[in-house]
Amino acid sequence: MKKRFFLIGFLALTSACNLPDSTPAAVSAPTQTPPAAPTTVSVAPSLGPTETAVPTPEPPSLYFTEEFDVESSYWEFFQTGGEQSPVTSFQNNTLQISISSPDTWLIGIHNAHSYKNVFVRAKTTLNPIGSAGLICRYTEEEGWYEFNAANDGNYSVLLGQWLSPGVVKYIPIVSDGSNSLRGNTTSEIGFFCEDDFLQLYVNDALLRRVDVTNYGLTEGKIGITASSFANFPMTANFEWVSVSEK
9 MKKRFFLIGF LALTSACNLP DSTPAAVSAP TQTPPAAPTT VSVAPSLGPT
59 ETAVPTPEPP SLYFTEEFDV ESSYWEFFQT GGEQSPVTSF QNNTLQISIS
109 SPDTWLIGIH NAHSYKNVFV RAKTTLNPIG SAGLICRYTE EEGWYEFNAA
159 NDGNYSVLLG QWLSPGVVKY IPIVSDGSNS LRGNTTSEIG FFCEDDFLQL
209 YVNDALLRRV DVTNYGLTEG KIGITASSFA NFPMTANFEW VSVSEK
């Protein structure tokens, strides 16, 4: 009996020595680094390619000669009549007007200056048959005077007025014929607009003087015309246009 109690007591003492410490060791919690505040980055806007401004050419002087050696932004073209649009081009120091449909009219207005009294002249070539002409005292609101010369020998003076875009009302003032025009593919024509009279010239010779007192146009821009007849296609070439006092 004494031996058994001693063994039990020894085992109890040994077990007690092997028990873990009742106070656990403190464990440090991992430290978290707070996130950094967001940083705002300023980015300069990316500029696209810069467009190069096209300079507006200086207008010609009040009186000048247009030789069509370069394309001019001061010419503005309008069509009236005809199914196909005329084609204009500046080639070989010439304004070329190609018309591919019958009864088609092209009006070209030079927008640089306005005139009261002015002498407009041009050297023209028509192929095969058609008319070329000159304009004075043009305004969109009031109308214009127009001198047309055809290489079949006929010529006319008209009062033109816009009714709507592409639609013109023409009032005949004079219509006649001249041998100085008939059969000539190349001619120099002139149109002197002075006060209440219009003077018509062919190859530097006075063709006719026309009284326009009753029509009342006093000032406006100058211009040119070209038109086809039943024969087409046709081409009108302007080698030069001269604007002077007389």
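Going left to right, the sequence shown walks through residues 9 to 254 as our numbering numbers them. Quick reminder that beta carbons are idealized off the backbone N, C-alpha and C, glycines included.
Rounded to the nearest angstrom, the Cβ distance from V175 to T73 is 33 Å, too far for a contact under 8 Å. Taken through DSSP and simplified to helix, strand or coil, R190 comes out as coil. Around the Cβ of R217, a 10 Å sphere holds fewer than 16 other Cβ atoms; the residue is exposed. Taking a 10 Å sphere around the C-beta of E154, we find 16 or more other C-beta atoms and assign the residue as buried. Scanning T147, E202, T226 and I105 for the CA closest to the CA of S139 turns up I105.
The C-beta distance from A130 to V249 rounds to 5 Å, short enough to meet the 8 Å contact threshold. Across the set G116, N192, I181 and E150, the C-alpha of I181 shows the shortest separation from the C-alpha of V165.
Y223 carries a coil assignment under DSSP once its states are collapsed to helix, strand and coil. Using a Cβ distance threshold of 8 Å, I197 and I143 do not count as a contacting pair. Relative to L103, the option among Q169, T233 and L215 whose CA is nearest is T233. CA-CA distance, K177 to V220, rounds to 17 Å.
The residue among W113, S186 and S97 with its C-alpha nearest the C-alpha of S195 is S186. With a threshold of 16 other beta carbon atoms within 10 Å, I179 falls short and is exposed. With contacts defined as CB atoms closer than 8 Å, L208 and S188 fail to qualify as a contacting pair.
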